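Sequences listed follow chains S and C, in order. Numbered according to numbering that gives the first Met the number 0, the first sequence spans residues 0 to 203. Numbered according to numbering that gives the first Met the number 0, the second sequence spans residues 0 to 503. Positions of the beta carbon are idealized from the N, C-alpha and C atoms, including for glycine. In this text, all values refer to a predicted model and were calculated from it rather than measured experimentally. What follows is a short report on a single structure.
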Amino acid sequence: MDITIQHGVFVIFTLVTLGSALLVVTVRNLFHAALYLMLCLFGVAGLFALLTAPLLAGFQVVIYIGAIAILIIFAIMLTPQVTRVIKTTNAQWPVAIVVAVLFFVMILSVVSPLMDELGVDDWNADFTQEDADRVPDSTLTDFGESLVSRDRFVLPFEIASIMLMAALIGAVLVVSPDAILRRDESQPPPSDTSVSADTGASGD
Amino acid sequence: MFEVPSLSDLNIAATLPVMSLVLGTCILLLADLFVPQERKQLTAWLAVAGLGVSLALSLLSLGDVTRFGDGDEAFAGMFVADTFTDAVNVIALVTALLGVMVAYNYLERTGTQRGEYYVLLLFTTAGVMFMGAAGDLVVVFVALELLSIPLYILSGFRRPQEASEESAMKYFLLGAFASGFLVYGIALIYGATGTTGLHDIWIAVDDIVAGDATSQYLLLIGAGLMLVGLGFKVAAVPFHMWTPDVYQGAPTSVVAYMSVAAKVGGFAALLRVLAAGMPHFVLDAGAPAAWQDTVWLVAVLTMLLGNLVAIVQNDLKRLLAYSSIAHAGYVLLAVAAAGSAGLADESAQAVVIYMMAYAFTNVGAFSVVIAVEKDDASNTGVTSMRGLARSQPWLAAAMALFMLSLTGIPLTAGFVGKWFVFKAAISADLFFAVVVGAVTSLISAYYYLRIVWYMYFEEGDGEAVIPWPLAAAISIAAVGTLFLGVMPYLLTDMAREITLAFGG
């Protein structure tokens with residue numbers, strides 16, 4: 000097989016992804032782990048780009064690195080105690096490895112025969128789709144339209160918006176307890192309403 | 000190019016019951032802003048009104064008085080509006096109504112009266128209704144999150160209290176993990192069938208069965224991972240670990256609601272995915288569906304573990320948590336039965352009957368726990384039932400009725416539910432699972448009747464607080480339990496009309 004520049008790029012991104020993924024779970028400083036997670040996600044974005052999926056690569060950067068990883072860093076910075084992790088494994092780790100390996104073998108055994116169906120005829124095939132006709136030119140437009148067009152995903156889109164509103168209400172409830180609690184303390188719950196029907200509760 | 004869809008093309012009228020609830024909830028959210036803190040009963044009343052409108056619409060549709068929209072599908076197959084949807088809507092809304100009634104005074108006396116409680120409760124109900132109507136795996140997932148996220152928050156609603164926070168945290172972390180399994184399963188099913196629409200999957204499965212083994216295994220793993228995700232929601236063994244801790248720590252009014260609502264949503268979605276989506280998914284010609292063995296095995300484990308561990312529980316909320324695990328096992332029996340050819344509709348009917356009976360009985364049982372619970376969330380031990388028959392004879396009688404119904408004694412709703420579940424399982428030749436179900440029902444009598452014994456034959460204070468909304472909820476639940484038990488044909492005649500729009 001010919002070594003092309005794509006192979007080199009693939010190796011670099013793979014090493015970045017796997018190496019930083021390993022560091023995420025092994026470093027003891029939680030803050031460093033979050034930074035490695037961002038690097039790992041960046042490597043995945045690179046792989047997507049290599050696979051001629053620029054939209055996915057963009058999503059990977061904007062959503063995962065731009066939003067989720069930043070959110071994780073915020074959470075770590077707001078809770079200073081958690082940055083010092085004494086141990087990163089517990090007594091169950093050998094079992095976890097066995098399960099993980101078994102799961103990997105299972106996925107591999109199912110997915111690898113599918114390569115033929117998916118048109119990947121041999122393992123040396125190019126990653127990048129060179130044929131311009133086979134690359135959809137407007138994935139972003141398709142994506143946006145499928146979210147709102149009537150025979151696609153308009154209903155899940157609407158439900159998701161309701162769900163996000165519920166999550167927002169919940170987030171406000173969870174993170175701003177002080178105002179709510181103080182208000183409750185300033186107004187002791189009225190004692191007459193809750194026991195109005197409490198006629199039979201007598202101790203003897 | 001893109002064109003603006005007209006509402007009639009979407010057949011949006013078919014979604015009227017759930018859409019009216021969503022709209023009502025949004026109005027409630029705004030209206031709550033103008034309700035002063037000391038008059039939050041107004042919010043509760045508005046919530047009841049919103050649920051009532053939606054319930055009336057669902058009943059009209061279920062009773063065949065009027066059909067909304069035309070045809071079974073809306074939003075190009077994303078939303079299925081068949082009689083099963085209507086039945087799920089009715090169960091979810093009745094549960095939510097009872098949930099609001101039991102919550103009102105409980106929130107007030109525990110100092111957690113906030114309008115958001117009712118808003119979140121209504122959002123969860125909308126999630127349950129969307130799950131029952133899901134015609135697409137994407138809708139299943141989004142509706143599951145709409146069902147789950149408000150429940151995580153409600154579990155931690157008693158926030159400064161550690162037990163409540165712990166319960167919310169556990170539920171959230173494990174729930175998010177379970178959602179991951181569900182999405183993984185959806186992705187693999189999409190990989191195997193090339194579609195996420197359940198109707199298209201139903202058609203595609205025939206090709207896969209005729210095709211090569213690899214796609215079959217991909218579909219099998221996908222279905223298995225979805226079973227994990229939904230099994231978590233309904234608290235099936237071995238995905239049940241969260242249940243006792245969450246039920247014990249969460250506010251009891253939340254548990255009363257979610258012990259039923261989450262199950263209704265989970266089982267409705269399981270039926271949609273397994274019974275409607277892939278009933279023809281067989282590995283050997285003529286055999287039952289490939290997922291049937293797994294489901295009945297999970298059902299057997301769930302019934303055994305739930306009932307056996309419940310025996311040693313001394314806290315009422317933990318005991319009812321294990322009892323709810325056990326009941327998930329009975330319903331799973333009916334789901335497993337749907338894997339045999341031609342039994343999908345019968346199974347759906349059995350699930351509906353069982354969940355209807357369970358809704359009244361279980362909300363009722365938790366309402367009694369609310370009545371005896373102290374303001375600081377203590378006094379939920381089994382011994383708190385001591386002497387209740389003397390101090391609160393009606394409350395004790397209602398609790399005894401609920402316990403008999405959970406055991407499955409004739410003349411109660413629980414018996415009717417178990418009857419139809421076992422009948423469906425016997426039709427599917429799942430004899431071993433049915434025997435396990437019958438034996439574990441006998442075992443369950445021990446711990447249910449132990450509560451009755453404490454109430455009637457032991458001395459104690461038997462203190463209870465029963466404000467009128469709670470009394471009304473317990474009365475409705477008791478009447479419902481008795482009514483469905485004495486006149487089962489009312490429910491079963493209705494259930495006979497229930498069919499899945501496709502599948503079977």
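Integer Cβ distance of residue i from residue j, believed to fall under 8 Å
i, j, result
"C/Leu-61", "C/Ala-86", "6 Å"
"C/Gly-447", "C/Thr-382", "Residue identity differs from the one stated: residue 447 of chain C is Tyr in this sequence, not Gly. Rounded, the Cβ-Cβ distance is 16 Å, inconsistent with contact."
"S/Val-23", "S/Tyr-35", "5 Å"
"C/Leu-218", "C/Ile-207", "6 Å"
"C/Ala-133", "C/Ala-142", "6 Å"
"C/Leu-27", "C/Ala-55", "Going by Cβ atoms, the distance from C/Leu-27 to C/Ala-55 rounds to 17 Å, so no, they are not a contact pair."
"C/Glu-462", "C/Val-368", "Between C/Val-368 and C/Glu-462 the Cβ distance is about 13 Å, and since that is not below 8 Å, they are no contact."
"C/Phe-280", "C/Val-204", "5 Å"
"C/Thr-301", "C/Gly-223", "Incorrect: roughly 16 Å between the Cβ atoms, too far for contact."
"C/Ala-274", "C/Ala-337", "4 Å"
"C/Ala-167", "C/Tyr-151", "6 Å"
Cα-Cα separation between residue i and residue j, rounded to whole angstroms
i, j, result
"C/Ala-80", "C/Ser-339", "24 Å"
"C/Arg-317", "C/Trp-295", "25 Å"
"S/Val-174", "C/Ala-325", "36 Å"
"S/Leu-54", "C/Ala-423", "48 Å"
"C/Val-308", "C/Gly-193", "43 Å"
"S/Arg-181", "C/Met-18", "Model confidence at S/Arg-181 stands at a pLDDT of 48, short of 50, so the residue's coordinates are unreliable; what they give is reported in the following sentence. Cα to Cα, the separation comes out at about 36 Å."
"C/Phe-231", "C/Phe-180", "10 Å"
"S/Ala-90", "S/Ile-96", "12 Å"
"C/Leu-499", "S/Arg-149", "23 Å"
"C/Glu-165", "C/Val-245", "8 Å"
"S/Leu-46", "S/His-6", "11 Å"
"S/Ala-99", "S/Val-60", "27 Å"
"S/Phe-142", "C/Leu-403", "54 Å"
"C/Ala-349", "C/Arg-495", "10 Å"
"C/Tyr-353", "C/Asp-8", "36 Å"
"C/Arg-108", "C/Leu-187", "48 Å"
"C/Glu-72", "C/Asn-10", "7 Å"
"C/Asp-63", "C/Asp-69", "13 Å"
"C/Ile-497", "C/Val-351", "9 Å"
"C/Val-485", "C/Gly-341", "30 Å"
"C/Ala-298", "C/Ser-346", "14 Å"
"C/Met-277", "C/Val-233", "20 Å"
Cβ-Cβ distance between residue i and residue j below 7 Å
i, j, result
"C/Leu-400", "C/Thr-480", "yes"
"C/Leu-229", "C/Val-334", "no"
"C/Met-355", "S/Leu-154", "no"
"C/Gly-436", "C/Leu-332", "yes"
"C/Leu-20", "C/Ser-53", "yes"
"C/Val-137", "C/Thr-84", "no"
"C/Val-272", "C/Met-225", "yes"
"C/Ser-214", "C/Ala-191", "yes"
"C/Trp-241", "C/Leu-173", "yes"
"C/Ser-252", "C/Tyr-105", "yes"
"C/Ala-267", "C/Gly-131", "yes"
"C/Leu-410", "C/Met-454", "no"
Alpha helix (DSSP H) segment containing residue i, residue limits
i, result
"C/Tyr-488", "487-495"
"C/Gly-413", "412-426"
"C/Leu-197", "197-209"
"S/Asp-145", "Note that residue 145 of chain S corresponds to Ser in the displayed sequence, not to Asp. It spans 138-147 - the alpha helix (DSSP H) in which S/Ser-145 sits, taken as one unbroken run."
"C/Glu-345", "343-371"
"C/Lys-169", "161-192"
"C/Trp-290", "It is not in any alpha helix (DSSP H) - C/Trp-290 carries neither H nor E in the DSSP assignment."
"S/Met-105", "92-110"
"C/Ala-55", "40-61"
"C/Tyr-256", "251-269"
"C/Asp-283", "Per DSSP, C/Asp-283 belongs to no alpha helix (DSSP H) and is neither H nor E."
"S/Tyr-63", "Looking at the DSSP string, S/Tyr-63 is not in any alpha helix (DSSP H), and its letter there is neither H nor E."
"C/Pro-16", "15-32"
"S/Pro-155", "153-174"
"C/Asp-244", "241-248"
"C/Arg-385", "No alpha helix (DSSP H) contains C/Arg-385, which DSSP labels as neither H nor E."
If you measure beta-carbon to beta-carbon, which residues of the stretch 154-173 of chain S are closer than 7 Å to chain C?
Leu-154, Pro-155, Ile-158, Ala-159, Ile-161, Met-162, Ala-165, Ala-166, Ile-168, Gly-169, Leu-172, Val-173
Requested in this report: Closer than 9 Å, Cβ to Cβ, to anything on chain S: give me those residues from the stretch 205-216 of chain C, in chain order.
Outcome: Asp-211, Ala-212, Thr-213, Ser-214, Tyr-216
Exercise for review: Report the residues of the stretch 90-112 of chain S with a CB closer than 7 Å to any CB of chain C, ordered along the chain.
Suggested key: Val-109, Pro-112
inquiry  = Can you pull out the residues from the stretch 336-369 of chain C whose beta carbon lies closer than 9 Å to at least one beta carbon of chain S?
reply    = none
Going along the stretch 8-24 of chain C in order, which residues come within less than 7 Å of chain S, judged by CB to CB distance?
Asp-8, Leu-9, Val-21
Any C-beta of chain C within less than 7 Å: which residues of the stretch 139-152 of chain S qualify? Within the stretch 139-152 of chain S, the residues whose Cβ lies closer than 7 Å to some Cβ of chain C are Glu-144, Ser-148, Arg-149, Asp-150, Phe-152, listed in chain order.
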